[in-house]
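For the sequence shown, our numbering assigns the number 291 to the last residue and increments by one with no breaks. To start, the structure under review is shown below, and the notes come after it.
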Amino acid sequence: MIILDGKKTSNDLKEEIAAEVVKRKAEGKKTPHLAAILVGTDGASMTYVNSKVKACEKVGFNSTLIDLPEETTEEQLLHEIAELNNDKDIDGFIVQLPLPNHIDEQKVLMAIDPDKDVDGFHPVNVGKMTLDLPTFLPATPFGILELLKRYKVETSGKNVVVIGRSHIVGRPMSILMSQKREAGDATVTLTHSRTKNLSEITQKADIIVAALGKAEFLTGDMVKEGVTVIDVGITRVKDETKKRGYRLAGDVDFDSVAPKSEFITPVPGGVGPMTIAMLLKNTLLACEKVD
Ligand code: GUN
1 MIILDGKKTS NDLKEEIAAE VVKRKAEGKK TPHLAAILVG TDGASMTYVN SKVKACEKVG
61 FNSTLIDLPE ETTEEQLLHE IAELNNDKDI DGFIVQLPLP NHIDEQKVLM AIDPDKDVDG
121 FHPVNVGKMT LDLPTFLPAT PFGILELLKR YKVETSGKNV VVIGRSHIVG RPMSILMSQK
181 REAGDATVTL THSRTKNLSE ITQKADIIVA ALGKAEFLTG DMVKEGVTVI DVGITRVKDE
241 TKKRGYRLAG DVDFDSVAPK SEFITPVPGG VGPMTIAMLL KNTLLACEKV D
């Protein structure tokens, strides 16, 4: 069993990006600048956004955090987005999801300039991704592809089962891995909450991407020997034995699945750090586009 070490791989990527930034600065080129908008005080979202800002510092990017209260109206948020769209110094920005219920997520994502949409969530960028045209790939699927590539996990002709059809992970993952590309060329089955006999499907999988958001859902009896497992989940599970009162659990029951796996990602330290590294990569790409 080989651990797909997202922490180490993301650090390698960050070093590569930092070297690019040093080179850009020496050539008198612009320093990449990422902005993030956070609405409200959701604990997990605050943690993610802070990690993204901290990662910017680490690679030498400029970063701006726009922290808005829960009561922010849709109109106010759209105004902030317009400002970032028009700000020449900002190369890319993200609006952290989920948004409060009174804000229409689709409307917000559509307001972002596709050229600054480093999350790859704008319909124009989703369309380009689907058609295999150059664009910003959504950071989590992009990070999974990179992890598979760097560990030379064979995907061509393999049976890939994705669990979860979210717009952020499951659906783009299924599209990307079915495409003719590195870490692609797979036969992909996209499963979800209405899928019948899920176990029968996962037992035939060479590679499973678990992205449904249910702690320790995928268990050892659901997978075959030699499977590769990518765990996208990260849920806070109450745990009184921990100082902070919770532990972080993936969508995979690591203890029963790992012994049967050829490759497996841990939680934490697997997909999560890769997501952040790929967001930086997209920001660098956005900055290079305007050189
Ligand atoms: N919420 C969970 N994942 C993501 C992500 O990749 N980007 C944004 N903006 N919000 C998220």
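Idealized CB from N, CA, C, for every residue including glycine.
Check: Can you give the Cα-Cα distance for residue 111 and residue 37, rounded to whole angstroms?
Finding: 13 angstroms
Item checked: Cβ-based neighbour list, residue 209, same chain, cut-off 6 angstroms, excluding 5 preceding and 5 following -> 162, 173, 230
Margin query: Tell me which residue opens and which closes the beta strand (DSSP E) that residue 231 is part of.
Written below: 227 to 231
Checklist line | heavy atom of the ligand GUN below 6 angstroms from residue 96 C-beta | finding: yes
Notebook entry, point to check: What are the residues that DSSP puts in a beta bridge with residue 189?
Noted result: 161
Check: Per DSSP, what kind of secondary structure is residue 39 in: helix, strand or coil?
Finding: strand
Checklist line | Residue range of the unbroken alpha helix (DSSP H) whose run includes residue 109 | finding: 105 to 111
Notebook entry, point to check: Start and end of the beta strand (DSSP E) containing residue 80?
Noted result: Careful: residue 80 lies outside any beta strand (DSSP E), inside the alpha helix (DSSP H) at 74 to 86.
Item checked: Range of the contiguous beta strand (DSSP E) that encloses residue 236 -> 235 to 238
Notebook entry, point to check: Roughly how many angstroms lie between the CA atoms of residue 80 and residue 117, to the nearest whole one?
Noted result: 14 angstroms
Next item on the list: For residue 24, name the three-state secondary structure that DSSP assigns.
Entry: helix
Check: Is residue 68 helix, strand or coil by DSSP?
Finding: strand
Margin query: Any heavy atom of the ligand GUN closer than 6 angstroms to the beta-carbon of residue 91?
Written below: no
Next item on the list: Measure the Cβ-Cβ separation of residue 33 and residue 90 and say whether it is below 7 angstroms.
Entry: yes
Margin query: With a threshold of 6 angstroms on Cβ separation, who are the neighbours of residue 171 within its own chain once the five nearest residues in sequence on each side are excluded?
Written below: 165
Next item on the list: Compute the Euclidean distance between the alpha carbons of residue 236 and residue 267, then round it to the nearest angstrom.
Entry: 11 angstroms
Checklist line | Test item: CB-CB of residue 276 and residue 52 under 7 angstroms | finding: yes
Check: Looking at the unbroken beta strand (DSSP E) that takes in residue 139, where does it start and where does it end?
Finding: Careful: residue 139 lies outside any beta strand (DSSP E), inside the alpha helix (DSSP H) at 139 to 150.
Next item on the list: Determine the contact status of residue 222 and residue 202, defining contact as a CB-CB distance below 7 angstroms.
Entry: yes
Check: Is residue 153 near residue 177, with beta carbons less than 7 angstroms apart?
Finding: no
Check: Taking 6 angstroms as the cut-off, is the CB of residue 111 close to at least one heavy atom of the ligand GUN?
Finding: no
Checklist line | Assigned exposure category for residue 225 - 16 Cβ within 10 Å defines buried | finding: exposed
Margin query: Any heavy atom of the ligand GUN closer than 6 angstroms to the beta-carbon of residue 119?
Written below: yes
Notebook entry, point to check: Terminal residues of the continuous beta strand (DSSP E) containing residue 248?
Noted result: 246 to 249
Notebook entry, point to check: Taking C-alpha atoms, which residue in 256, 288, 143 lies nearest to residue 1?
Noted result: 256
Next item on the list: Could you spell out where the beta strand (DSSP E) holding residue 261 opens and where it closes?
Entry: 261 to 264
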